[in-house]
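Chains as they are written, first to last, in the numbering used here: chain A, 322 to 479; chain B, 669 to 747. We put the CB at the ideal spot given by N, CA and C, even for glycine. Structure record follows, encoded as structure tokens.
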Amino acid sequence: MATLPHDDIYQLVREPIDIAALARSVRAPEDGAIVTFDGFVRNQSHNRASLYLDYEAYESMALAKMHEIGVQLREKYRIHCVAMVHRLGRLEIGETSVFIAVSAPHRAAAFDACRFAIDTLKRTVPIWKKEYFEDGAVWADGELPPAPAATPRAKPAS
Amino acid sequence: MTVLFFGRLKDVAGHAEESAEIGDAATIEQLFGLYAARYPELARYRSSVVASRNQEFAAWDTPLRSGDEVAFLPPVSGG
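In structure tokens form, the structure reads like this:
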């Protein structure tokens with residue numbers, strides 16, 4: 322895997338996410354912009370009032386996929402630093418479940434990279450949430466990650 | 669081999685982790701078939717499952733080796 326700047330942060334945590342500290346962590350004198358994404362727990366889902374959410378992850382693979390997103394960001398955008406943290410376990414309404422901060426010399430790259438990071442995380446990082454309601458719980462609808470197609474079969478000898 | 673189930677697949681299988689021998693299944697597809705026979709409800713989810721081998725998304729015809737860690741993953745819903 323390509324190496325990432327040592328001041329990048331990729332974490333899965335079980336405690337509340339300190340979004341101000343993470344935003345500060347990507348800030349450097351050579352930068353001119355930081356774009357952040359704060360994803361937090363909504364009080365309803367499909368018009369039903371939510372009580373709370375419970376997140377679980379395939380932790381080793383999730384961290385590997387988060388690092389891969391960092392590598393992709395470096396290939397696509399002129400950015401400086403990335404902080405990407407997802408929380409697991411029980412989260413109450415209004416609590417931050419995912420936070421991403423991207424710093425860059427100029428704002429356009431920071432906006433584009435932050436958008437790419439959250440969109441890619443939601444499609445490829447193995448994390449799942451269960452939504453709890455007054456009358457039960459359901460696994461949230463999700464996105465099926467793109468998986469490699471079946472290996473092409475060798476052509477029969479002619 | 670270690671076999672892992674997540675999300676609703678874990679609920680269907682009743683637990684998160686199993687172990688299998690390499691003689692039980694030669695490919696990821698065959699391994700899933702083995703568990704679908706054991707837990708019939710699993711088969712219903714086949715079209716909405718992706719598999720991974722050693723923490724990388726893998727095609728269904730991927731051959732298995734002893735010591736592999738295979739996981740069956742429902743649609744992801746982080747964020």
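Cβ of L442 (chain A) within 9 angstroms of any chain B Cβ
At least one chain B Cβ lies under 9 angstroms of L442 (chain A).
Does chain B have any CB closer than 9 angstroms to the CB of S479 (chain A)?
Since pLDDT at S479 (chain A) reaches only 49, below the 50 mark, its modelled position is unreliable, and the value read off the structure follows with that caveat. Under the 9 angstroms criterion on CB atoms, S479 (chain A) is classed as non-interfacial with respect to chain B.
Write down the C-beta distance between V744 (chain B) and W449 (chain A) rounded to the nearest angstrom, noting that I regard them as a contact closer than 8 angstroms.
With a Cβ gap of about 6 angstroms, V744 (chain B) and W449 (chain A) count as contacting.
Proximal chain B residues relative to P337 (chain A), where beta-carbon distance stays under 8 angstroms:
Near P337 (chain A) there are no residues of chain B at all, since even the closest Cβ is about 17 angstroms away, more than 8 angstroms.
Starting from H427 (chain A), trace the alpha helix (DSSP H) both ways and give me its first and last residue.
Segment: none, H427 (chain A) is in no alpha helix (DSSP H) and carries neither H nor E.
In terms of alpha-carbon separation, which member of A:E351, A:Y398, A:S366 lies closest to V459 (chain A)?
Checking every option, the nearest Cα to that of V459 (chain A) belongs to A:S366.
Express the C-alpha separation of F420 (chain A) and P731 (chain B) in angstroms, rounding to a whole number.
Using only the alpha carbons, I get a separation of about 37 angstroms.
For R676 (chain B), does the count of other Cβ atoms within 10 angstroms reach 16, so buried, or fall short, so exposed?
Under this definition R676 (chain B) is a buried residue.
Kindly provide the ranges of any alpha helix (DSSP H) runs that are 4 or more residues long and lie completely inside the stretch 680 to 739 of chain B, ordered along the chain.
Whole alpha helix (DSSP H) segments, 4+ residues: 696 to 706.
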